[in-house]
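For reference, the structure is listed below as structure tokens.
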Amino acid sequence: MVFRRRRLALASVAAAAATALVAGCASGPGGSSSGAGGDTLTLWTHNAGNSAELDVVKKIIKDFNDSQDKYTVELQSFPQTDYNNSVVAAASARKLPCLLDVDGPNVANWAWGGYLAPIDVSGSEVPVKDQLASTVGTYKDQLYSFGFYDVSLALFARGSVLNEHGIRIPTPGKPWTKGEFDAALAELRKSGKFAYPLEMGTGGSGEWWPYAYSPQLQSFGGDLIDRNGHKSASGTLDGKESVEWGNWFRSLVTKGYMAKKSGADPNKDFLAGKSAIQWDGSWNAAKNAQKLGDDLVILPPVDFGEGPKIGGASWQWAMSSTCSDKDGAQEWLRFSRRTKYFVDYAEATSTIPATDAAARQIADYRPGGKFEVLVQFAREYATVRPVTPAYPYISTEFQKAAQDILAGADPESALGQAAKNIDNNLKTNNNYAG
Amino acid sequence: MTTKIAALERLCPVRRTRTTNARRRQSLTALGMATPAVVLLIVFLVVPVVLAFALAFTDARLISPTPARFVGLRNFTQLFEDPVFYKSLRNTAYFAAVVVPLQAGLALALALLVNAKVRGVNFFRTVYFLPVVTSMVVVSLLWTFLYRKDGLVNHVISTLTLGHVQGPDWLGDPATAMPAIILMSVWQGVGFHMVIWLAGLQTIPVELYEAAELDGATTWHRFRHVTWPGLRATRTFVLVTITIAAFSLFTQIRVMTQGGPLDSTTTVVYQAVRTGYDQQQTAYAATVSLVFFVLVLTVSLVQRFLTREKD
Numbered sequence: 007m008v009f010r011r012r013r014l015a016l017a018s019v020a021a022a023a024a025t026a027l028v029a030g031c032a033s034g035p036g037g038s039s040s041g042a043g044g045d046t047l048t049l050w051t052h053n054a055g056n057s058a059e060l061d062v063v064k065k066i067i068k069d070f071n072d073s074q075d076k077y078t079v080e081l082q083s084f085p086q087t088d089y090n091n092s093v094v095a096a097a098s099a100r101k102l103p104c105l106l107d108v109d110g111p112n113v114a115n116w117a118w119g120g121y122l123a124p125i126d127v128s129g130s131e132v133p134v135k136d137q138l139a140s141t142v143g144t145y146k147d148q149l150y151s152f153g154f155y156d157v158s159l160a161l162f163a164r165g166s167v168l169n170e171h172g173i174r175i176p177t178p179g180k181p182w183t184k185g186e187f188d189a190a191l192a193e194l195r196k197s198g199k200f201a202y203p204l205e206m207g208t209g210g211s212g213e214w215w216p217y218a219y220s221p222q223l224q225s226f227g228g229d230l231i232d233r234n235g236h237k238s239a240s241g242t243l244d245g246k247e248s249v250e251w252g253n254w255f256r257s258l259v260t261k262g263y264m265a266k267k268s269g270a271d272p273n274k275d276f277l278a279g280k281s282a283i284q285w286d287g288s289w290n291a292a293k294n295a296q297k298l299g300d301d302l303v304i305l306p307p308v309d310f311g312e313g314p315k316i317g318g319a320s321w322q323w324a325m326s327s328t329c330s331d332k333d334g335a336q337e338w339l340r341f342s343r344r345t346k347y348f349v350d351y352a353e354a355t356s357t358i359p360a361t362d363a364a365a366r367q368i369a370d371y372r373p374g375g376k377f378e379v380l381v382q383f384a385r386e387y388a389t390v391r392p393v394t395p396a397y398p399y400i401s402t403e404f405q406k407a408a409q410d411i412l413a414g415a416d417p418e419s420a421l422g423q424a425a426k427n428i429d430n431n432l433k434t435n436n437n438y439a440g
Numbered sequence: 304m305t306t307k308i309a310a311l312e313r314l315c316p317v318r319r320t321r322t323t324n325a326r327r328r329q330s331l332t333a334l335g336m337a338t339p340a341v342v343l344l345i346v347f348l349v350v351p352v353v354l355a356f357a358l359a360f361t362d363a364r365l366i367s368p369t370p371a372r373f374v375g376l377r378n379f380t381q382l383f384e385d386p387v388f389y390k391s392l393r394n395t396a397y398f399a400a401v402v403v404p405l406q407a408g409l410a411l412a413l414a415l416l417v418n419a420k421v422r423g424v425n426f427f428r429t430v431y432f433l434p435v436v437t438s439m440v441v442v443s444l445l446w447t448f449l450y451r452k453d454g455l456v457n458h459v460i461s462t463l464t465l466g467h468v469q470g471p472d473w474l475g476d477p478a479t480a481m482p483a484i485i486l487m488s489v490w491q492g493v494g495f496h497m498v499i500w501l502a503g504l505q506t507i508p509v510e511l512y513e514a515a516e517l518d519g520a521t522t523w524h525r526f527r528h529v530t531w532p533g534l535r536a537t538r539t540f541v542l543v544t545i546t547i548a549a550f551s552l553f554t555q556i557r558v559m560t561q562g563g564p565l566d567s568t569t570t571v572v573y574q575a576v577r578t579g580y581d582q583q584q585t586a587y588a589a590t591v592s593l594v595f596f597v598l599v600l601t602v603s604l605v606q607r608f609l610t611r612e613k614d
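These protein sequence lines map, in sequence, to chains E and Y.
The first sequence runs 7 to 440 under our numbering.
The second sequence runs 304 to 614 under our numbering.
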């Protein structure tokens, strides 16, 4: 009797535990649609804390909500560092919002993973074909996302400093060659006026590494992966040209041209005159112009052989695959595609507007404006990061290899290991088919 | 108590049922009280551990359109060919091998100091304990600045040596990165174990010291023959907790070095998190965790065996 009672008690403990578990899980696979209650559409953005951009999003939402009675869009903003994790967590719980923004290089991964649904924005004021190619996210020939702006990389310098050291000021028609660039750095180093002549933000972390340095790798003739089918990195990421890039990248540190790890605020160091040339994003162009005035020169990237290259694709808007009101979500996406919003975004965030029509309305970016050259870079030099679901993995491997090279690893073995890991990842994931 | 009841039962068999009823009620109450803890343990400990073990044999990914499939030992063969895994193991072992004796010893020394009956000792106790109640993330961030090439640590070195010695970039050099992290970790954790030692010290009866003093024992002899044997149980506890904490080194690495430079600070737990979240390889991370679990279990069992009651 005692024994039986005890067993009963034990069983009830187990049952209680099981119920708690089931209750915890039930909210997961139970519902198959989310993000819309009644006619309210939820929208997620990574912009919490970035009030300039957030205000534009709020403005579009308000205009949309006021323009019709059928749908109401509701904003939820996240800090950028937590945003991707929040999306992944929400997707596992099938609680994705209807509308969300996504960083350009992640579009393929999220589309493949079933987070995003293809969108149809035909009939909106701005046709997709008018946009800069890097601001449109496609996967398997379907449109998944679009952005209102892009950013560009450029070399920033003081014209007076270059002239003083007898260094030619390059133009988009005639960018620096590798030899010229190295000679310029040597000259600047010799002057002894700079802690480091070149500032490339090597203290940064995460996506900055592939964004900033893989275009240089591509200009050498290498790449992150063989883009033909995206099935192998061996022979490309550890090929002859890539290793050459690695050797050059390392030489910047050994020759004292660049800090192995730059300070907490590289742009501040450049503006304070600690470095002569900065490889940086267009988001600092306005600040540089304000501080340096006419002395600021915005230079095209160095041509290491295969022409100047910069990265492409910034944050873009997309619709989740579990959205229960896809018509409403696409209605919002179409509504937002107006030139005035493209202008608002670019002005608020000092970024490059995604269309020429918008660029013409912004003094700095219209033909003849002081940042027109950045639009030109984005149009002519932008290479999007490989459009493959494997990209997040490739990104981490490249980042580690590049950091190891700067720390003194042999470029051939560091890139070789990264290529091997990527190939192995592609193989175990069946090339991300399905 | 039990023998008394047993004797009573033998004397008066009639009263047996009532005793069993009472006992039954007692055990039910006990179970009822244990239930919340048991449920929480099952949900937050047993289930995740079982899940991790199961995931290690699948190809589960963080983001994936297809459900996980069983892949046998593929993750394990991949893991044992992974050069970073061996570096992680080596670094973890290195960290534990230095931190365990250093932190335990230093904590004991501090405990002996603050156990002294002098004025203002509470002030020192608080000071030594302060780093423990500060978040490790904050501590790591602060020390990252201290360790910079132009940071405070190098300024102090330069000033003390009148500018003759220029300190290295502590976290940027593979030779100094791990020692720098060890130093910081010991500084942060030593206060906690000081308190544990202190508790142990205060359980030793004062009479023993008085007797030893009367016998003319020196300070060293008093420590060797009174304090040290008296700390037996505390010793085991401190040893096991520091070892386990040292093996799970992660926060400092994540904030300060991200495993670099040249894998000189990557650890097993850091590798599990990096592969599991940053690289989306959930199953592979589960494999790392499983192997890690077995290793920690082995070490703990060995420690338990070595520190067992020999009589």
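For every residue, glycine included, the Cβ atom is placed at its ideal position computed from N, Cα and C.
Remember, it's a predicted structure, so these values are computed and weren't measured experimentally.
Within the same chain, S158, L159, A160, P221, P307, F383, A384, Y387, A388, T389 come within 8 Å of I316 (chain E) by CB-CB distance, once the 5 residues on both sides are set aside.
About 7 Å separates the beta carbons of F276 (chain E) and F162 (chain E), which is inside the 8 Å limit, making them a contact pair.
At a cut-off of 8 Å between beta carbons, G475 (chain Y) contacts chain E. Neighbours of I484 (chain Y) in chain E, taken as residues whose beta carbon is under 7 Å from its own, are absent, since the nearest beta carbon is some 16 Å off. By the C-beta criterion, the segment 558-565 of chain Y is judged to be in contact with the segment 476-495 of chain Y, since at least 3 inter-stretch pairs fall below 8 Å. Around the Cβ of V493 (chain Y), a 10 Å sphere holds 16 or more other Cβ atoms; the residue is buried. The Cβ atoms of T328 (chain E) and L102 (chain E) sit closer than 8 Å to each other. Per DSSP, S488 (chain Y) is one residue of the alpha helix (DSSP H) stretching across 477-504.
Under the three-state reduction of DSSP output, M206 (chain E) falls in the coil class, being neither helix nor strand. Just so you know, the alpha carbons of N431 (chain E) and A586 (chain Y) end up roughly 12 Å apart. Against chain Y, the beta carbon of P103 (chain E) has no neighbour under 7 Å; the closest one sits roughly 17 Å away. Taking a contact to require three or more Cβ pairs closer than 8 Å, the segment 341-355 of chain E and the segment 142-154 of chain E qualify as touching.
A check of alpha carbon separations from H496 (chain Y) across Y:S461, Y:L415, Y:A396 identifies Y:L415 as the nearest. For G287 (chain E), the enclosing beta strand (DSSP E) starts and ends at 283-287. Boundaries of the beta strand (DSSP E) harbouring Q148 (chain E): 148-152, taken from the DSSP string. Listed by position along chain Y, the residues whose Cβ is nearer than 7 Å to that of N115 (chain E) are I366.
A check of alpha carbon separations from S551 (chain Y) across Y:A396, Y:H524, Y:T380 identifies Y:A396 as the nearest. In the structure shown, Q584 (chain Y) falls within a coil segment according to DSSP collapsed to helix, strand and coil. Annotated three-state conformation of I358 (chain E) is strand, per DSSP. If you draw a straight line from the Cα of S326 (chain E) to the Cα of W254 (chain E), it is about 43 Å long. The DSSP-derived three-state label of V132 (chain E) is coil. Leaving aside the five residues that flank Y351 (chain E) on each side, the residues in its chain whose CB is nearer than 6 Å to its CB run, in chain order, V62, F154, Y155. One finds nothing in chain E with a Cβ atom closer than 7 Å to the Cβ of P351 (chain Y); even the nearest lies about 11 Å away. Taking T78 (chain E) as reference, the option from E:P85, E:Q86, E:K68, E:F84 with the minimal CA-CA separation is E:K68.
With fewer than 16 other Cβ atoms from the protein chains shown falling within 10 Å of its own Cβ, D88 (chain E) counts as exposed. Selection E:N234, E:L298, E:F70 evaluated against R164 (chain E) yields E:L298 as nearest (Cα-Cα). Check the Cα spacing between Q82 (chain E) and each of E:A278, E:L60, E:A396, E:N294: the tightest is with E:L60. About 6 Å separates the beta carbons of G563 (chain Y) and A413 (chain E), which is inside the 8 Å limit, making them a contact pair. By the C-beta criterion, the segment 540-554 of chain Y is judged not to be in contact with the segment 324-336 of chain Y, since fewer than 3 inter-stretch pairs fall below 8 Å. In the displayed model, W182 (chain E) falls within coil according to three-state DSSP, outside both helix and strand. Spanning the alpha carbons of A340 (chain Y) and V605 (chain Y) requires a straight line of approximately 28 Å.
For the pair Y121 (chain E) and L339 (chain E), the Cα-to-Cα distance works out to about 17 Å. In this structure, E:G245 is the residue among E:E186, E:Y219, E:A218, E:G245 with its C-alpha nearest to the C-alpha of G228 (chain E). For chain E, the residues of the segment 563-578 of chain Y that bring a beta carbon within less than 7 Å of one of its beta carbons are G563, P564, L565, in chain order. DSSP lists no bridge partner for I400 (chain E). Apart from sequence neighbours up to five positions away, the residues of its chain that approach S443 (chain Y) with a beta-carbon distance below 7 Å are T554, Q555, V558, M559, ordered along the chain.
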